[in-house]
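6 protein chains.
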Amino acid sequence: MTASSRPSGRAHDQLRDVRIERGFTRHAEGSVLVSFGDTRVLCTASVEARVPGFLRGKGEGWVTAEYGMLPRSTNTRNDREAARGKQGGRTLEIQRLVGRSLRACVDRRALGERTITLDCDVLQADGGTRCAAITGAYVALCDAMSWLRARGEITRDPVLGAVAAVSVGIWQGQPVLDLDYREDSGCDTDMNVVMNDGGGFIELQGTAEGHAFRRDELDGLLALAEKGVSELIALQRAALAG
Amino acid sequence: MTASSRPSGRAHDQLRDVRIERGFTRHAEGSVLVSFGDTRVLCTASVEARVPGFLRGKGEGWVTAEYGMLPRSTNTRNDREAARGKQGGRTLEIQRLVGRSLRACVDRRALGERTITLDCDVLQADGGTRCAAITGAYVALCDAMSWLRARGEITRDPVLGAVAAVSVGIWQGQPVLDLDYREDSGCDTDMNVVMNDGGGFIELQGTAEGHAFRRDELDGLLALAEKGVSELIALQRAALAG
Amino acid sequence: MTASSRPSGRAHDQLRDVRIERGFTRHAEGSVLVSFGDTRVLCTASVEARVPGFLRGKGEGWVTAEYGMLPRSTNTRNDREAARGKQGGRTLEIQRLVGRSLRACVDRRALGERTITLDCDVLQADGGTRCAAITGAYVALCDAMSWLRARGEITRDPVLGAVAAVSVGIWQGQPVLDLDYREDSGCDTDMNVVMNDGGGFIELQGTAEGHAFRRDELDGLLALAEKGVSELIALQRAALAG
Amino acid sequence: MTASSRPSGRAHDQLRDVRIERGFTRHAEGSVLVSFGDTRVLCTASVEARVPGFLRGKGEGWVTAEYGMLPRSTNTRNDREAARGKQGGRTLEIQRLVGRSLRACVDRRALGERTITLDCDVLQADGGTRCAAITGAYVALCDAMSWLRARGEITRDPVLGAVAAVSVGIWQGQPVLDLDYREDSGCDTDMNVVMNDGGGFIELQGTAEGHAFRRDELDGLLALAEKGVSELIALQRAALAG
Amino acid sequence: MTASSRPSGRAHDQLRDVRIERGFTRHAEGSVLVSFGDTRVLCTASVEARVPGFLRGKGEGWVTAEYGMLPRSTNTRNDREAARGKQGGRTLEIQRLVGRSLRACVDRRALGERTITLDCDVLQADGGTRCAAITGAYVALCDAMSWLRARGEITRDPVLGAVAAVSVGIWQGQPVLDLDYREDSGCDTDMNVVMNDGGGFIELQGTAEGHAFRRDELDGLLALAEKGVSELIALQRAALAG
Amino acid sequence: MTASSRPSGRAHDQLRDVRIERGFTRHAEGSVLVSFGDTRVLCTASVEARVPGFLRGKGEGWVTAEYGMLPRSTNTRNDREAARGKQGGRTLEIQRLVGRSLRACVDRRALGERTITLDCDVLQADGGTRCAAITGAYVALCDAMSWLRARGEITRDPVLGAVAAVSVGIWQGQPVLDLDYREDSGCDTDMNVVMNDGGGFIELQGTAEGHAFRRDELDGLLALAEKGVSELIALQRAALAG
């Protein structure tokens, strides 16, 4: 099989066109529109001078995330979660994942008793929204930290290293990188991999949709993910330098 | 008092810079990003081949709206309504207003047994979000109707005429047009006016924030609103022609 | 067209029989049963020695309202909102309107750090319940203020002036005052007008149900509303003097 | 101990002044304002031509009840259940009791596939609201049945016999009938007894608030309840004959 | 009629096989698996060093209960209440009953400012779950008190006396003790009786399912309940001594 | 480091004492109490002759799971989710995982239009509840399938192969198998691995709690998981043969 046989026409190890646009909205301390191809997620970082009850008085900060999809970000309209009166299981699962991933790169003592909330709202979905959210939220988080430093509220940068995420899957027997919606639907296995800039794994979530995946397939997926994340981290750096 | 004394520096009868960007996202049958200055609302129109129970079998369609604000569309972060488990009173009030306003310009028999849902999501708020939502949703609605006609699902255009909305208020004793957030906060009276292209009133919602407003003040507000809506309708036409 | 052609047989500028019965129940600091014809709303004013969080320590009081309809206050039974687990959009919209209207006539500094809650519960509905609620709640509010003064808790009356409300509409092309349910259902335009005893407008909410209304129709509606509210305020005064 | 020592001054076996006012509101098929002294409950019976899913197609009807207290029916204001988003345990318990009690006196086959909902809303509370609700709801139910017979929808009366309820308690060691709020608060034992006109027990709910009650105390309570219910049933008959 | 005619084959005054197993789980301060025949309820007592707001600073403790059924504890699967988003009326009614019953045997001053929560979760249901819950929760409560005394947190035992509960009913005209599910479904009257070891009544809840019950039937039921409860209290004692 | 240094004293590659007890309750078509050491989960399989809407008429069945923890299954009491009114994010995440894992081993065509619901309720928690739930639910599922075959409702076994799950983690730098609560709390990385009896991976969920894990650590974890799951599958087989 050749890489060109992917529905997207991309090489098996090729990311979609990724764009990271800082300052997309003006109120938030960090505001990033991240695009992985047609997937577009608005990630804002909001700084508040308070922490959840379980951290009060401990001299530590908190980083948390919330996730949502606009009702018509998808091919057919989904019910608005606010109207249904609760967030679904998938939403809660994703926002917990985003929160854990970003906390993994923050020195919460250096942050002090502040909460940074990362709101990741999907404007347009085409697969990989949680990975785009993590990748974009990292940049928004950095901007919020710069804002805190510029105001003299913190003296050293609480960000310990970069974090990015990518999905990988097995499409017609071959591991492929960064699945779009059509590829995701046709994949036997779908895995989301969150890594840092030291090559360490932060989160690994793999699901066999069709047949169970073998160890050698897993190895192939992980290698692709390592490549993808390192490219994403380079793009984050470029965006932050821009 | 001179017009230049408005916080925004605009003339008392001057709209903000208004932009209407069609096709902002690709899944919806209509997708418009409307900007009234720094207020930016994404309005999508979704067509579904079903109607609510009370209309089933009557040969008529339905037009409805939902409204939401991204948590950090505002100066300080608001709780996410999906997380709180319900939509607040302000949200319900606005989405009912948007729905009524758009239904006022649609021949629901010509639409047939279809529902068009207008999702108005505020990406960035700076006053006047409900007026921007109505003005943008009208354009998204027209695009959805074109989509239906292009597919041959309907034969005549169900849109009876244009609808747009603007806010007016009394700022330091003077009626002013299209309030931004700072002006809105400082206004004694705030009124939202929805009108059609025949100069008719569809909705009028005025609230005295400070002193009750006199009849002559009301007359001044209505005159400004007529001017503003007619300019907005010209901008809608230009966008639809574009 | 002659006034006798209204479904109710009333003149076009004629209120229904309005009754204001103070002391309807005995626990509340103010308790008023207000009737606009067959519309009957029980309005109670409850005084509590606390304010919402955003006002704590500011030396100001708060006035708020809640609204409900008994399930069989209407022609066919409506679901009980407590059983459905949430208040509907119409309910929230109305209680926000009642709260704003009554706050408009209260000097919250003179009230001190107290909350007055106006509960408006519809025992029987025949159109115009929100206007009856505002008109009755004003009287209950005055009784609660008298109760506070009689106990020496406040020294000057926080009530700045009277507030009342009436609906107006266009029935078969003619503006008419104080719509009952049958008239309301047949009206092209329905407007609720809240005014004070100085002739100032506090709230204006107009909706075109059928065709959009013209400026001259609006002028006719406002003139009727002014007449109706001034009669209602006279009835409030008589009730309070009684 | 003499009977005059009750806080209310009533004899130990004396009901409060009981009034049953039919036709209190006009939309419901039965509408009764029942007063047990200062306790006033509005009971409406609503007929609907449908049954719950588990009865569909079985040729039987259903009788059910809902209960609510207006927020300021009590001495201090209670939160509105609709605003809190759920009915409390006490409310659910009472409405289940009212529903069972009224079903006990109805031949559901004779009713046919209809639902009668008894809404019992407390306008003013002074103890014994559930007993007043049952006693009043029975009269509203009879009126609804008469309405059905008058329209020829049913041919024989589905009501099998009268049902009424009263509370009894032990106040300073002595059994007393029909407790008002002050007496209820001071009672060691509180029992609600629902009986029919044949002297049969339909529901018995006794709670020891202070010391556990002995068998002889129970016997005394039941004798009082029998007396009270038979007086209430006579009052129901008089009201229905009126 | 002979006793052997009960569906269960038991004598009319015969309890099911009752087992009380202490220490069923290891985290709770008291943990009891109680079986009334095939009805099995896990009762845990949890001690927490806080009281509800209305008791704060009063030097008194609180005892409360929660009740739940595992979805497949019953013959056909019931919806999980956590998934439906609320506890049903029956659940709330039962947990209020269990809480009141256990509070009746506790000296809350001797407990001090602590809360004991009794969680009663039905693993398998075959009638009489609320009675089993009360009977088992009493033993769990005693174990929690022993735990508090062993740690020296309290000096005297707050338990004033034993509490147990049993159901009785009228099956084919004859009073029978301790109904299983099949008997309960076929009974005309069902009564739950909570008593203490002094022979006093704590709660009495009787419901006529078919015909109303006569006074002599009630007397028969109460006599059976007294017998059953005294046997249950002996079994509690044996378990606590074990 | 030697294996004996684990808090539990187990070898690094040693499972806890695992027990699988079939027929723990009698109503469900499958009912299994599974113990991984002190973690005890009751898994029931309920068969219903209906499928969710999206599968109706497609000739396929559905397998789904629900998860809950008894409030005092844990060291300190957790709020009851039914009382809080919603299932938390962790609960939803786990029950989605259990459902996906079990669906992975079922031929849904062979099941026909039936739903099997796997209720996994934690009676006692000591780490690894989700893995125990999956491992036990598989056995309950097999029993439900046998029940269907015994009644002749299905002719071939829809179970495609065995599924079991185990957690692995890095404790003080060393990969260890089957973490109990104390070990889990002290681990840098925690991974849940769901595999089938062919050695294929069904789900992989790894989280770095402290430092990100390296690729070689991941390899060590996966090897331990393979060993653990194969032992668990042997225990499932033995239980099913028993």
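Residue numbers (numbering that gives the first Met the number 0), protein chains in the order written: chain A, 0 to 241; chain B, 0 to 241; chain C, 0 to 241; chain D, 0 to 241; chain E, 0 to 241; chain F, 0 to 241. We put the CB at the ideal spot given by N, CA and C, even for glycine.
- Query: Which chain C residues sit within Cβ distance under 7 Å of residue 136 (chain D)?
  - Reply: Stepping through the fourth sequence from its first residue, residue 136 (chain D) is reached at position 137. Those do not exist, as residue 136 (chain D) stays about 12 Å from chain C at its closest Cβ, beyond 7 Å.
task: Compare the C-alpha of residue 180 (chain D) against each of D:128, D:230, D:47, D:223 and name the closest.
output: As a position in the fourth sequence, residue 180 (chain D) is number 181, starting the count at 1. Of D:128, D:230, D:47, D:223, the residue nearest in Cα terms is D:128.
Residue from A:236, A:238, A:169 with nearest C-alpha to residue 224 (chain A)
The residue you call residue 224 (chain A) lines up with position 225 of the first sequence. The option with the nearest alpha carbon to residue 224 (chain A) is A:169.
- Message: Within 8 Å of any Cβ in chain F, is that where the Cβ of residue 169 (chain A) sits?
- Response: In the first sequence, the residue the question calls residue 169 (chain A) occupies position 170. Cβ-Cβ to chain F under 8 Å: no for residue 169 (chain A).
Original post:
With 16 other CB atoms within 10 Å as the buried threshold, where does residue 16 (chain B) fall?
Top reply: Counting from 1 along the second sequence, the entry for residue 16 (chain B) is found at position 17. Flag for residue 16 (chain B) reads exposed.
(request) Taking residue 193 (chain C) as the reference, give the member of C:25, C:163, C:176, C:37 with the closest Cα. (result) On the third sequence, position 194 is the one that residue 193 (chain C) refers to. Minimum Cα distance to residue 193 (chain C) is reached at C:163.
- Message: Considering Cα atoms alone, identify which of F:217, F:81, F:40, F:238 is closest to residue 206 (chain F).
- Response: Here residue 206 (chain F) is taken as the residue at index 207 of the sixth sequence, counted from 1. Answer by Cα proximity: F:217.
Q. Can you list, in chain order, the residues of the region 190-217 of chain F whose Cβ is nearer than 8 Å to any Cβ on chain A?
A. 190, 194, 195, 197, 198, 199, 200, 201, 202, 203, 204, 205, 206, 207, 210, 211, 212, 213, 214, 217
Continuous beta strand (DSSP E) stretch holding residue 20 (chain B): start and end: Position 21 of the second sequence holds residue 20 (chain B). Counting along the chain, the beta strand (DSSP E) containing residue 20 (chain B) begins and ends at 17-21.
Contact under 8 Å by Cβ, residue 108 (chain A) with residue 52 (chain A): Locating residue 108 (chain A) in the first sequence gives position 109, where the first residue counts as 1. Locating residue 52 (chain A) in the first sequence gives position 53, where the first residue counts as 1. Going by C-beta atoms, residue 108 (chain A) is not nearer than 8 Å to residue 52 (chain A).
Residue 65 (chain E) vs residue 114 (chain E) beta-carbon contact at 8 Å = Reading the fifth sequence from its first residue, position 66 is the one you call residue 65 (chain E). Reading the fifth sequence from its first residue, position 115 is the one you call residue 114 (chain E). Contact flag unset, no.
| field | Collapsed DSSP secondary structure at residue 178 (chain F) in the structure displayed | value | For the purposes of this step, residue 178 (chain F) is identified with residue 179 of the sixth sequence, where counting begins at 1. Note: residue 178 (chain F) maps to coil in three-state DSSP.
**Report entry** residue 204 (chain D), enclosing alpha helix (DSSP H) - first and last residue
**Finding:** Walking along the fourth sequence from the start, residue 204 (chain D) turns up at place 205. Counting along the chain, residue 204 (chain D) falls outside any alpha helix (DSSP H), though it belongs to the beta strand (DSSP E) covering 200-207.
- Would you mind telling me which residues of chain D sit closer than 8 Å to residue 57 (chain E), beta carbon to beta carbon, in chain order? Locating residue 57 (chain E) in the fifth sequence gives position 58, where the first residue counts as 1. Within chain D, no residue comes near residue 57 (chain E); the closest Cβ sits about 17 Å away, beyond 8 Å.
Worksheet item: Is the beta carbon of residue 88 (chain F) less than 8 Å from the beta carbon of residue 99 (chain A)?
Response: Residue numbering aside, residue 88 (chain F) sits at position 89 when the sixth sequence is read from its first letter. Residue numbering aside, residue 99 (chain A) sits at position 100 when the first sequence is read from its first letter. No; because the gap between Cβ atoms is not below 8 Å, this pair is not in contact.
Discussion item. Does residue 39 (chain B) come out as helix, strand or coil in the three-state DSSP assignment?
Written reply: As a position in the second sequence, residue 39 (chain B) is number 40, starting the count at 1. Strand.
Handout entry: DSSP state of residue 58 (chain B) mapped onto helix, strand, coil
Key = Residue numbering aside, residue 58 (chain B) sits at position 59 when the second sequence is read from its first letter. Coil.
Where do the ends of the beta strand (DSSP E) carrying residue 161 (chain B) lie? Position 162 of the second sequence, counted from the start, is the residue given in the question as residue 161 (chain B). Segment: none, residue 161 (chain B) is in no beta strand (DSSP E) and carries neither H nor E.
Check each residue of the region 85-101 of chain C: if its Cβ is closer than 7 Å to any Cβ of chain B, include it; give the result in chain order. 85, 88, 91, 92, 95, 99
Would you say residue 1 (chain A) lies against chain F (beta-carbon separation less than 8 Å)?
Position 2 of the first sequence, counted from the start, is the residue given in the question as residue 1 (chain A). Since pLDDT at residue 1 (chain A) reaches only 46, below the 50 mark, its modelled position is unreliable, and the value read off the structure follows with that caveat. Chain F, which has no Cβ nearer than 8 Å to the Cβ of residue 1 (chain A), makes this no.
(request) Closer than 8 Å by beta-carbon distance: list the chain B residues that pair up with residue 123 (chain A), in chain order. (result) Locating residue 123 (chain A) in the first sequence gives position 124, counting from the first residue. Residues of chain B passing the Cβ test: 24, 25, 26.
- Item | Contact under 8 Å by Cβ, residue 176 (chain B) with residue 13 (chain B) | Stepping through the second sequence from its first residue, residue 176 (chain B) is reached at position 177. Stepping through the second sequence from its first residue, residue 13 (chain B) is reached at position 14. Closer than 8 Å, so yes.
*Taking C-beta pairs closer than 8 Å, name the residues in chain B that residue 36 (chain A) reaches, listed in chain order.*
Translated into positions along the first sequence, residue 36 (chain A) becomes position 37. Within chain B, no residue comes near residue 36 (chain A); the closest Cβ sits about 11 Å away, beyond 8 Å.
- Got a sec: which bits of the region 51-84 of chain C sit with their beta carbon under 9 Å from any beta carbon on chain D, in order along the chain? 65, 67, 69, 70, 71, 72, 73, 74, 75, 76, 79, 80, 81, 82, 83, 84
| task | Check the Cβ of residue 103 (chain B) against every Cβ in chain C and list those closer than 8 Å, keeping chain order. | result | Translated into positions along the second sequence, residue 103 (chain B) becomes position 104. Correct list: 207, 211.
With 8 Å set as the bound, which would you pick, yes or no: does the beta-carbon of residue 128 (chain D) sit closer than that to a beta-carbon of chain C?
-> Counting from 1 along the fourth sequence, the entry for residue 128 (chain D) is found at position 129. Judged by the 8 Å Cβ criterion, residue 128 (chain D) is not in contact with chain C.
Proximity to residue 103 (chain B) [Cα-Cα], best of B:27, B:157, B:187: Position 104 of the second sequence, counted from the first residue, corresponds to residue 103 (chain B). Among B:27, B:157, B:187, the Cα nearest to that of residue 103 (chain B) belongs to B:157.
Please say whether residue 208 (chain D) and residue 189 (chain D) have beta carbons closer to each other than 8 Å? Here residue 189 (chain D) refers to the residue found at position 190 of the fourth sequence. Here residue 208 (chain D) refers to the residue found at position 209 of the fourth sequence. Closer than 8 Å, so yes.
- Query: Can you name the residues of chain A whose CB is closer than 7 Å to the CB of residue 145 (chain B)?
  - Reply: Looking up residue 145 (chain B) in the second sequence gives position 146. Within chain A, no residue comes near residue 145 (chain B); the closest Cβ sits about 17 Å away, beyond 7 Å.
* Asked: Which first and last residues belong to the beta strand (DSSP E) in which residue 105 (chain F) is found?
  -> As a position in the sixth sequence, residue 105 (chain F) is number 106, starting the count at 1. No beta strand (DSSP E) holds residue 105 (chain F); DSSP gives it neither H nor E.
Tell me the rounded alpha-carbon separation between residue 228 (chain B) and residue 73 (chain B). Numbered from its first residue, the second sequence carries residue 228 (chain B) at position 229. Numbered from its first residue, the second sequence carries residue 73 (chain B) at position 74. Using only the alpha carbons, I get a separation of about 25 Å.
>> Using only CA atoms, which one of D:34, D:76, D:112 lies nearest to residue 56 (chain D)?
In response: Within the fourth sequence, residue 56 (chain D) is the residue found at index 57, counting from 1. That would be D:112, whose Cα lies nearest to the Cα of residue 56 (chain D).
ask   = Where do the ends of the alpha helix (DSSP H) carrying residue 133 (chain A) lie?
value = Start at 1 with the first residue of the first sequence, and residue 133 (chain A) comes out as number 134. 128-149 is the extent of the alpha helix (DSSP H) around residue 133 (chain A).
Practice item. Could you tell me the distance, in whole angstroms, from the CA atom of residue 213 (chain A) to the CA atom of residue 39 (chain B)? Key: Walking along the first sequence from the start, residue 213 (chain A) turns up at place 214. Walking along the second sequence from the start, residue 39 (chain B) turns up at place 40. When rounded, the distance between both Cα atoms is 48 Å.
Quick one: grab the DSSP three-state call for residue 47 (chain D). Position 48 of the fourth sequence, counted from the start, is the residue given in the question as residue 47 (chain D). Residue state, collapsed to three classes: strand.
Q.
Taking 6 Å as the limit between beta carbons, can you name the residues of its chain near residue 146 (chain C), skipping five residues before and five after?
A. Residue numbering aside, residue 146 (chain C) sits at position 147 when the third sequence is read from its first letter. Once the five neighbours on either side are set aside, the close Cβ partners of residue 146 (chain C) are 28.
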